[in-house]
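Novice: Residue numbers (my numbering): 2 to 110.
Take a look at the following structure, please.
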C-alpha cells in the first residue's frame, strides 16, 4: 500500500472483506497503516446469528459467490477474521439477524 507508515487515525471499509481472497491478510495490511491509537471501522456481511438463516447461508454461499454474487462470501465469521489479523474487536453491533455487522477494531495488545 503506497503510504508513509503509519499515517491514519481511522480507516473505513464497507462490504469488502467478503470479496477479498485473504481478508485477514488485508486487515493486517490495513492495520500497518494506523497511527498509534488508530481504529479500523468495518461494516460487513456476516454469518447470521439465526441458526435457520445461517444454515441457508452456509448451504448457498459458495454458489452465490460463484454465480452472481460477484465473489462475495457472505457467511464469514468476520470477528474471527479480525482476530486472525492480530486486531482487537473493541465494539461489535449486529443488524438484521446478524446478516450485517459493524466493528470498531484496533491493533492487538
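Glycine included, every Cβ here is placed at the ideal spot set by N, Cα and C.
Among all the DSSP beta bridges, which residues are the ones paired with residue 30?
Specialist: Position 29 of the chain shown holds residue 30. The partner list for residue 30 (beta bridge, DSSP) is empty, contrary to what the question assumes.
Novice: I'd like the list of long-range same chain contacts for residue 110, defined as Cβ closer than 8 angstroms, with 5 residues on each side in sequence excluded.
Specialist: Position 109 of the chain shown, counting from 1, holds the residue named residue 110. For residue 110, where only same-chain residues beyond five positions count, the Cβ hits under 8 angstroms are 89.
Novice: Return helix, strand or coil for residue 96, following the three-state DSSP convention.
Specialist: In the chain shown, residue 96 corresponds to position 95, counting from 1. Three-state DSSP puts residue 96 in a strand.
Novice: Whose CA, out of 7, 19, 9, 8, lies closest to the CA of residue 102?
Specialist: Here the question's residue 102 lines up with position 101 in the chain shown. Distances from the CA of residue 102 to each of 7, 19, 9, 8 were compared; the closest alpha carbon is that of 19.
Novice: Over what stretch of residues does the alpha helix (DSSP H) that includes residue 81 continue unbroken?
Specialist: The count along the chain shown starts at 1 and reaches residue 81 at position 80. That run of the alpha helix (DSSP H) goes 79 to 85.
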